[in-house]
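Peer 1: Using full-length UniProt numbering, the first residue of the sequence shown is number 1, and each one after it goes up by one.
By construction, the Cβ of each residue, glycine as well, lies at the ideal position given by its N, Cα and C atoms.
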Amino acid sequence: MQEDSYKLAVLAKDPHKLCQVFARAPHSPAGPESNNGQNLLCRTEFHGQSEYRSSVTIARRMKGEDMVAPQAKLICGHPDGSLTALVPVDEATFKRLHLLQGQLTRNVRHTTGLNPRAFRLVRNDYVSKPLSYGILDGRLLESFEDLPLTRQSEITRQIGTERSAVLHDLEELGGSW
Numbered sequence: 001m002q003e004d005s006y007k008l009a010v011l012a013k014d015p016h017k018l019c020q021v022f023a024r025a026p027h028s029p030a031g032p033e034s035n036n037g038q039n040l041l042c043r044t045e046f047h048g049q050s051e052y053r054s055s056v057t058i059a060r061r062m063k064g065e066d067m068v069a070p071q072a073k074l075i076c077g078h079p080d081g082s083l084t085a086l087v088p089v090d091e092a093t094f095k096r097l098h099l100l101q102g103q104l105t106r107n108v109r110h111t112t113g114l115n116p117r118a119f120r121l122v123r124n125d126y127v128s129k130p131l132s133y134g135i136l137d138g139r140l141l142e143s144f145e146d147l148p149l150t151r152q153s154e155i156t157r158q159i160g161t162e163r164s165a166v167l168h169d170l171e172e173l174g175g176s177w
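Here it is, written out as structure tokens:
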């Protein structure tokens with residue numbers, strides 16, 4: 001998976017259905033384990049909830065000046081017939097959607113009262129705090145579109161952005177590839 005044209009990220013999944021994203025951290029003060037950017041470091045991890053048997057990468061076709069760097073979506077197929085998609089997101093969009101995700105986690109009713117953040121959380125005995133920062137929950141973010149317009153405006157005002165910007169970001173993520 002390539003986040004942008006100069007960064008490489010590797011997605012790995014273990015038998016316990018835990019997904020980890022490893023990335024090279026050049027000139028990172030992350031400590032001796034990075035070995036001056038020579039080693040891949042685990043940047044984020046999340047629980048996939050089910051194993052997947054196959055995956056395919058789909059290239060995104062863009063027109064005009066938007067085609068700065070090639071992008072790809074990773075589609076994973078599960079034994080029960082469900083599909084999962086992993087999509088790279090630029091930094092500004094990620095920050096906006098991460099704030100929205102936090103608001104939705106706190107303010108939207110969830111199925112049987114389950115916390116979607118805790119649902120994807122991984123217990124890691126090697127790091128002191130969970131590495132869950134780099135992943136957005138698309139299903140939770142899609143629930144934003146189901147809210148009444150007044151509620152959407154209120155939530156986006158709380159995170160300091162406009163409703164139209166969030167809807168544009170969600171359309172970009174879910175659009176055709």
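How would you label L83, buried or exposed, when you count the other beta carbons within 10 angstroms and need 16 or more for buried?
Peer 2: Within the sequence shown, residue 83 is the residue found at index 83, counting from 1. Counting Cβ neighbours within 10 Å, L83 comes out exposed, since fewer than 16 surround it.
Peer 1: Pick out whichever of T57, R96, G102 has its Cα sitting closest to the Cα of L86.
Peer 2: Walking along the sequence shown from the start, residue 86 turns up at place 86. The shortest C-alpha separation from L86 is found at T57.
Peer 1: Within the same chain, show all residues whose beta-carbon is closer than 6 Å to that of S54, passing over the 5 residues directly before and after it, in chain order.
Peer 2: Here residue 54 is taken as the residue at index 54 of the sequence shown, counted from 1. G77.
Peer 1: In angstroms, rounded to a whole number, what distance separates the CA positions of L136 and P88?
Peer 2: The count along the sequence shown starts at 1 and reaches residue 136 at position 136. The count along the sequence shown starts at 1 and reaches residue 88 at position 88. Cα to Cα, L136 sits roughly 10 Å from P88.
Peer 1: Indicate the three-state DSSP secondary structure (helix, strand or coil) for I135 in the structure shown.
Peer 2: The count along the sequence shown starts at 1 and reaches residue 135 at position 135. If DSSP states are grouped into helix, strand and coil, I135 belongs with coil.
Peer 1: Out of E154, L140, T150, state which residue places its alpha-carbon closest to the alpha-carbon of L170.
Peer 2: Counting from 1 along the sequence shown, the entry for residue 170 is found at position 170. Of the listed residues, the one whose Cα sits closest to L170 is L140.
Peer 1: Per DSSP, S54 is paired with what?
Peer 2: For the purposes of this step, residue 54 is taken as residue 54 along the sequence shown, with counting starting at 1. BP columns for S54 point to G77.
Peer 1: Is the Cβ-Cβ distance between R106 and T161 less than 7 Å?
Peer 2: The residue labelled residue 106 in the question sits at position 106 within the sequence shown. The residue labelled residue 161 in the question sits at position 161 within the sequence shown. Taking 7 Å as the Cβ cut-off, R106 and T161 do not qualify as a contacting pair.
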